[in-house]
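A.B. asks:
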Amino acid sequence: MTIKAVRGTRDLLPPDTALWNFVEETARDVFRAYNFQEIRTPIFESTELFARGVGEETDIVSKEMYTWEDRSRKSPLSDAPYEAAAEVLGKGQSLTLRPEATAGIVRAYIEHNLGQRGLSKLYLIGPMFRRERPQKGRYRQFYQIDAEIIGPPGSGSDSPVRDAEVIEMLATLLDRLGIKGWNLQLNSVGCANDRAKFNEALRQALEPVVGQMCADCQRRAVTNPLRVFDCKVPADQPIIEKLPRISHFLDEPCREHFDEVQNILAKIGIQFSLNDRLVRGLDYYTRTAFEFTHGALGAQNAILGGGRYDGLSEALGGPSAPGIGFAIGEDRLVMSLPESAESVQKKPDVYVAPLGAGMNCEAAGLARELRRQNLVVDLGDENFRLKKSFEAATRAGAKYILIVGENEVKADSFALKNLATGEQISVPRGELTQKIRA
Ligand code: AMP
Numbered sequence: 003m004t005i006k007a008v009r010g011t012r013d014l015l016p017p018d019t020a021l022w023n024f025v026e027e028t029a030r031d032v033f034r035a036y037n038f039q040e041i042r043t044p045i046f047e048s049t050e051l052f053a054r055g056v057g058e059e060t061d062i063v064s065k066e067m068y069t070w071e072d073r074s075r076k077s078p079l080s081d082a083p084y085e086a087a088a089e090v091l092g093k094g095q096s097l098t099l100r101p102e103a104t105a106g107i108v109r110a111y112i113e114h115n116l117g118q119r120g121l122s123k124l125y126l127i128g129p130m131f132r133r134e135r136p137q138k139g140r141y142r143q144f145y146q147i148d149a150e151i152i153g154p155p156g157s158g159s160d161s162p163v164r165d166a167e168v169i170e171m172l173a174t175l176l177d178r179l180g181i182k183g184w185n186l187q188l189n190s191v192g193c194a195n196d197r198a199k200f201n202e203a204l205r206q207a208l209e210p211v212v213g214q215m216c217a218d219c220q221r222r223a224v225t226n227p228l229r230v231f232d233c234k235v236p237a238d239q240p241i242i243e244k245l246p247r248i249s250h251f252l253d254e255p256c257r258e259h260f261d262e263v264q265n266i267l268a269k270i271g272i273q274f275s276l277n278d279r280l281v282r283g284l285d286y287y288t289r290t291a292f293e294f295t296h297g298a299l300g301a302q303n304a305i306l307g308g309g310r311y312d313g314l315s316e317a318l319g320g321p322s323a324p325g326i327g328f329a330i331g332e333d334r335l336v337m338s339l340p341e342s343a344e345s346v347q348k349k350p351d352v353y354v355a356p357l358g359a360g361m362n363c364e365a366a367g368l369a370r371e372l373r374r375q376n377l378v379v380d381l382g383d384e385n386f387r388l389k390k391s392f393e394a395a396t397r398a399g400a401k402y403i404l405i406v407g408e409n410e411v412k413a414d415s416f417a418l419k420n421l422a423t424g425e426q427i428s429v430p431r432g433e434l435t436q437k438i439r440a
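With the numbering used here applied, the sequence shown has no gaps in its numbers, which climb one by one up to 440 at the end.
#1: What does ASN362 pair with, by DSSP beta-bridge criteria?
#2: To which residues of the same chain is PRO324 closer than 6 Å at the C-beta, ignoring the five residues directly before and after it?
#3: Check TYR111 in the structure and name its three-state DSSP category.
#4: Take ALA301 as the anchor and find which of SER315, VAL281, LYS234, ASP238 has the nearest alpha-carbon.
#5: Taking only the alpha-carbon atoms, compute the straight-line gap between VAL263 and VAL163 and give it to the nearest angstrom.
#6: Here's the rule: buried if 16 or more other CB atoms are within 10 angstroms of the residue's CB, otherwise exposed. What is VAL8?
#7: Express the C-alpha separation of GLY153 and VAL336 in angstroms, rounding to a whole number.
#8: Among the candidates HIS250, MET215, ARG229, ALA223, whose CA atom is the shortest distance from the CA of ILE241?
#9: Out of GLU102, ARG42, GLU364, point me to the one whose CA is closest to TYR286's CA.
#10: What whole-angstrom Cβ distance do VAL354 and LEU381 have, given they're in contact under 8 Å?
#11: Identify whether GLY331 lies in helix, strand or coil by the three-state DSSP scheme.
#12: Since TYR141 and GLY10 are thought to touch, with beta carbons under 8 Å apart, how far apart are those beta carbons, to the nearest angstrom?
#13: Is the distance from the Cβ of ALA400 to the Cβ of VAL352 below 8 Å?
#14: Any chance the CB of LEU306 is under 7 Å from a heavy atom of the ligand AMP?
#15: Tell me whether the beta-carbon of VAL230 lies closer than 8 Å to the beta-carbon of LEU208.
#16: Do PHE274 and LEU186 come within 8 Å of each other at the CB atom, strictly closer than that value?
#17: Determine whether the beta carbon atoms of GLY106 and ALA317 lie at a separation below 8 Å.
#18: Closer than 6 Å by C-beta to ALA82: which residues in its own chain qualify, once you throw out the five before and the five after it? Chain order, please.
#19: Assuming SER315 and ILE41 make a contact with CB atoms under 8 Å, what is their CB distance in whole Å?
#20: Restricting to Cα atoms, I'd like to know which of GLN375, GLU393, MET3 is closest to ASP383.
#21: Between GLN146 and the ligand AMP, is there a pair consisting of the residue's CB and a ligand heavy atom that are separated by less than 7 Å?
#22: Taking only three categories from DSSP, how would you classify ARG257?
#23: Buried or exposed: GLU85, going by 16 or more other Cβ atoms within 10 Å of its Cβ?
#24: Using C-beta distances below 7 Å, list every residue in its chain close to PHE33, excluding the 5 sequence neighbours before and after it, in chain order.
#25: How about GLY307 and ILE326: are their beta carbons less than 8 Å apart?
#26: Tell me which residues share the same chain as GLY320 and place their Cβ nearer than 6 Å to its Cβ, disregarding the 5 neighbours each side in the sequence.
#27: How close, in whole Å, do the beta carbons of ARG100 and PHE46 come, if the pair is a contact with beta carbons under 8 Å?
#28: Is GLY57 a contact residue of the ligand AMP, with contact defined as CB to any heavy atom under 7 Å?
#29: Do LEU267 and ILE169 have their C-beta atoms closer together than 8 Å?
#30: Going straight from the alpha carbon of ASN385 to that of THR435, what length do you get?
#31: My understanding is that LYS123 touches GLN239, with C-beta atoms under 8 Å, so please give their C-beta distance in whole angstroms.
#32: Is ASP81 helix, strand or coil when you go by DSSP?
#33: Just how far apart, CA to CA, sit LEU396 and TYR36?
Next comes the structure, spelled out in structure tokens:
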């Protein structure tokens with residue numbers, strides 16, 4: 003039996019990878035214009051980080067994490083080396099493949115005292131892992147483009163200006179990628195203060211009806227009622243529809259903050275709609291929450307989600323560091339591109355075809371010269387007949403074929419044929435780059 007890629011994972015192959023590169027290069031360019039810098043954090047972290055940073059009650063932590071016990075490491079619960087710790091605790095360190103990026107970035111922010119530098123604008127591109135039911139647009143290894151603005155109190159990281167800045171940056175990125183017809187939904191989930199009152203109201207509203215809801219909701223109603231809004235069970239939706247709304251519970255500072263975010267976005271021409279059911283799947287969110295959706299994506303229509311998380315650093319044992327960020331689902335972003343892989347792929351400018359014995363060395367030398375001039379060059383083999391070289395050049399999508407035979411080498415002038423027009427000219431070595439580029 004042949005071995006296949008594991009369910010929920012997939013190979014990204016050329017030419018599609020050209021689209022992924024196009025997306026990532028565009029994102030890096032746009033982020034640069036807003037003064038963001040790249041961070042790369044490990045793909046696995048201690049399980050504790052996600053339990054605390056995402057929330058025990060979330061679907062991600064309670065059902066979807068790839069967690070294992072690393073028996074080669076000593077347990078963090080003890081200073082004793084693993085063997086001794088194992089004897090006492092019977093355990094190694096619990097590790098988890100990252101299901102999202104924010105917790106790791108905030109961990110790194112705390113660990114390296116990034117707050118000392120004032121405002122940190124960071125982005126990360128990489129794979130995330132969740133044990134979800136695979137379907138179109140939903141994978142177990144998927145890719146996120148994530149950006150965060152975090153900083154100590156006084157750095158302005160809590161300002162509504164930041165919320166509007168990241169949202170406007172996203173609109174710019176989607177526009178730059180040529181993605182049309184996206185929708186932006188906006189909500190404020192308030193702060194700890196509002197949350198306590200809202201949770202209490204939710205508990206009361208749920209009490210008489212929770213018996214008719216799914217098992218997950220029955221558990222959530224007790225442990226973390228806000229998570230009821232994550233429920234996707236159709237039969238529960240009419241009940242959820244009648245539950246209290248967070249928008250009625252915002253205190254004055256939260257309301258003002260949210261108004262200012264909306265005010266800036268409206269002034270700079272970013273269209274949005276309000277959705278006070280938008281709560282996001284993570285526990286640590288405060289105030290602004292947002293989601294961009296795209297109609298063409300089908301059931302999994304969320305391209306990206308984001309929001310503010312003013313208490314996260316403290317929840318991870320760090321200093322106060324209000325922040326806001328987002329995660330783009332890169333798989334879905336690529337699916338919503340109008341561009342085809344063919345159109346963004348960089349095809350060879352020229353296919354260098356050695357013709358006859360001893361020509362491999364000459365051709366390799368010429369290819370080297372042309373590549374040094376930043377041309378994209380494919381290289382044949384002297385054993386190919388001319389016909390086979392033409393076929394290979396055409397298959398590679400090359401613009402020109404350059405024939406390197408004994409006569410050409412002697413004359414130091416080479417036959418250059420335009421594969422589209424069929425026009426062929428003899429070009430002296432020194433003029434090759436210029437001719438090919440033109
Ligand atoms: P989240 O971290 O859950 O807020 O997700 C942010 C974005 O990542 C979503 O809007 C999706 O575009 C994408 N995403 C989340 N989970 C998956 C998955 N299992 N497969 C593909 N994309 C995903």
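Glycine included, every Cβ here is placed at the ideal spot set by N, Cα and C. Quantities reported herein were computed from a predicted structural model and do not represent experimental measurements.
C.D. replies: Taking the geometry as given:
#1: DSSP, once it has assigned bridges, lists no residue as partnering ASN362.
#2: SER159, ASP160, ASP312
#3: helix
#4: LYS234
#5: 7 Å
#6: exposed
#7: 31 Å
#8: MET215
#9: GLU102
#10: 5 Å
#11: strand
#12: 5 Å
#13: yes
#14: yes
#15: yes
#16: yes
#17: no
#18: Any answer about ALA82 is weak, because its pLDDT of 47 lies below 50 and its placement is not dependable; what the coordinates show is given next. Result list for ALA82: empty, nothing under 6 Å.
#19: About 15 Å separates the two Cβ atoms, so there is no contact after all.
#20: GLU393
#21: yes
#22: helix
#23: Note that GLU85 scores 49 on pLDDT, short of 50, meaning its location in the model is unreliable and no value can be drawn from it.
#24: TYR125, ALA149
#25: no
#26: ILE112
#27: 7 Å
#28: no
#29: yes
#30: 26 Å
#31: Not quite, the Cβ-Cβ distance comes to about 38 Å (not below 8 Å), so this is no contact.
#32: With a pLDDT of only 48 at ASP81, under 50, the local geometry of the prediction cannot be trusted, and no value is derived from it.
#33: This sequence places Thr at residue 396; Leu is not what is there. Whole-angstrom Cα-Cα distance: 42 Å.
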